[in-house]
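Protein chains: 2
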Amino acid sequence: MNNKEKLRNAGLRPTKQRMIVADILLNGFNRHFTAENLQDEINSSGNSMSIATVYNCLKKFKNCGLIKQVETSKDTAIFDTNTDYHHHFLNEETGELIDIENEEISLRKLPEIPQGYINNGIEVIIKLKRHN
Amino acid sequence: MNNKEKLRNAGLRPTKQRMIVADILLNGFNRHFTAENLQDEINSSGNSMSIATVYNCLKKFKNCGLIKQVETSKDTAIFDTNTDYHHHFLNEETGELIDIENEEISLRKLPEIPQGYINNGIEVIIKLKRHN
DNA sequence: CAAGTAGTTTAGAACGGTTTTAAAGTAAAA
DNA sequence: TTTTACTTTAAAACCGTTCTAAACTACTTG
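If you're matching them up, the sequences are chains A and B in order.
Take 0 as the starting number for the first sequence in numbering that gives the first Met the number 0 and just add one per residue.
Take 0 as the starting number for the second sequence in numbering that gives the first Met the number 0 and just add one per residue.
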């Protein structure tokens with residue numbers, strides 16, 4: 000399925016800008032990135048895009064499930080093209096994230112989900128510190 | 000151990016402002032809060048404190064391990080007086096956090112820690128969605 | 001294909017949480 | 001007591017993100 004189809008399937012109009020973003024993000028290689036990272040990459044590929052459009056686009060992609068946003072307490076939003084159920088190592092000094100495939104972690108025991116709610120995804124973060 | 004001693008043990012001067020914050024946070028009852036929450040509480044207790052001081056104080060407390068900061072991708076930093084190893088439910092609609100005691104989750108399998116690093120804490124976030 | 005309309009992009013302003021600045025104040029050390 | 005290092009503060013600055021409103025573009029309908 001090409002990117003135009005991916006966008007249409009997700010209910011998004013394949014505008015010029017969204018296609019540029021899709022070409023960068025939906026190429027099968029997973030990565031973590033910020034809005035600014037993405038804008039830089041767009042600029043250095045000879046295109047250009049307003050930062051507002053970058054944010055709009057990321058929000059739409061996220062709401063459609065084409066990308067994810069990672070749970071970290073950093074001051075900048077981090078997005079992830081890996082939409083599979085998975086986890087992360089977090090280097091707290093640098094903020095760097097490394098994927099942990101779902102198969103590499105398994106939970107033996109889970110707490111009872113509060114009344115009236117359902118489990119909508121589990122994220123495990125393993126914080127790393129440099130070993131001296 | 001009283002709060003003055005706790006501050007000194009942590010290597011912090013027990014200033015008037017830090018004592019006010021300690022009286023609110025280090026009373027044995029755990030809670031999640033933002034800098035603004037804390038300032039409001041200080042104000043409504045008849046004291047007052049500049050927002051810069053609230054932030055300075057929270058940063059110091061955090062670096063000393065008197066409080067923790069929770070990993071969430073919300074736009075406001077969330078702090079936690081519960082410094083024990085524990086986890087959270089996250090209601091993604093409201094941003095509300097609920098503690099999960101460490102005993103309520105157990106991990107069967109862990110990934111290999113990248114070379115040169117050590118495991119510096121695992122945080123599990125279980126995202127909740129309202130059940131209809 | 002033309003005209004209409006609903007959705008999208010944009011620059012720039014606004015926003016909100018957090019940090020910095022620099023001056024005044026305070027705790028501890030000498 | 002004097003000195004020194006640290007702390008607090010209001011206000012400004014900062015920075016990531018969202019809003020605004022006008023121009024533009026993709027799609028629909030006739």
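Built from N, CA and C at the ideal position, the CB exists for glycine as well.
For A/K128, the residues of chain B that pass the 7 Å Cβ criterion are Y116, I117 and N119, in the order they occur in the chain. Around A/K108, the beta-carbon contacts reaching into chain B at under 8 Å are E103, I104 and S105. The beta-bridge partner set that DSSP reports for B/S105 consists of A/K108.
Using a 10 angstroms sphere on the CB of B/E122, the tally of other CB atoms reaches 16 or more, which defines it as buried.
For B/Q16, the nearest beta carbon of chain A is not closer than 8 Å to its own beta carbon. In this chain, the alpha helix (DSSP H) harbouring A/V53 covers I50 to N62. Under DSSP, A/V123 forms a beta bridge with B/V123.
By the 16-neighbour rule on beta-carbons within 10 angstroms, B/E111 is exposed.
The alpha-carbon of B/R107 is positioned some 10 Å away from that of A/E103. Against chain B, a Cβ distance below 7 Å from A/F88 picks out P113.
Look at A/I66: its C-beta is not under 8 Å from any C-beta on chain B.
The region 26-34 of chain B makes contact with the region 80-100 of chain B; the number of CB pairs closer than 8 Å reaches 3 or more.
For the region 15-40 of chain A, the set of residues with a beta-carbon nearer than 9 Å to any beta-carbon of chain B is empty. One finds nothing in chain B with a Cβ atom closer than 7 Å to the Cβ of A/I50; even the nearest lies about 17 Å away. Beta-bridge annotation (DSSP): A/N118 is paired with B/L127.
Close partners of A/T71 in chain B (Cβ separation under 9 Å): E70, T71 and S72.
The Cβ of B/A9 sits no closer than 8 Å to any Cβ of chain A.
If you look at B/E100, you'll find it in the beta strand (DSSP E) that goes L96 to E100. By the rule that beta-carbons nearer than 8 Å mark a contact, A/V53 does not touch chain B. Note that the C-beta distance between B/N62 and B/H85 is not below 8 Å. Put simply, the backbone Cα of A/L109 is about 43 Å away from that of A/T14.
The beta-bridge partner set that DSSP reports for B/L89 consists of B/L96 and B/K126. Using a Cβ-Cβ cut-off of 8 Å, A/E95 does not count as an interface residue toward chain B, since no Cβ of chain B sits closer than that to its own. Within the DSSP bridge table, the entry for A/K67 names A/D79 as partners.
When DSSP assignments are scanned along the region 0-33 of chain B, the uninterrupted stretches of alpha helix (DSSP H) that are 4 or more residues long and fall wholly within it turn out to be 2-8 and 15-24.
Under the three-pair Cβ rule at 8 Å, the region 91-100 of chain A does not count as touching the region 46-54 of chain A.
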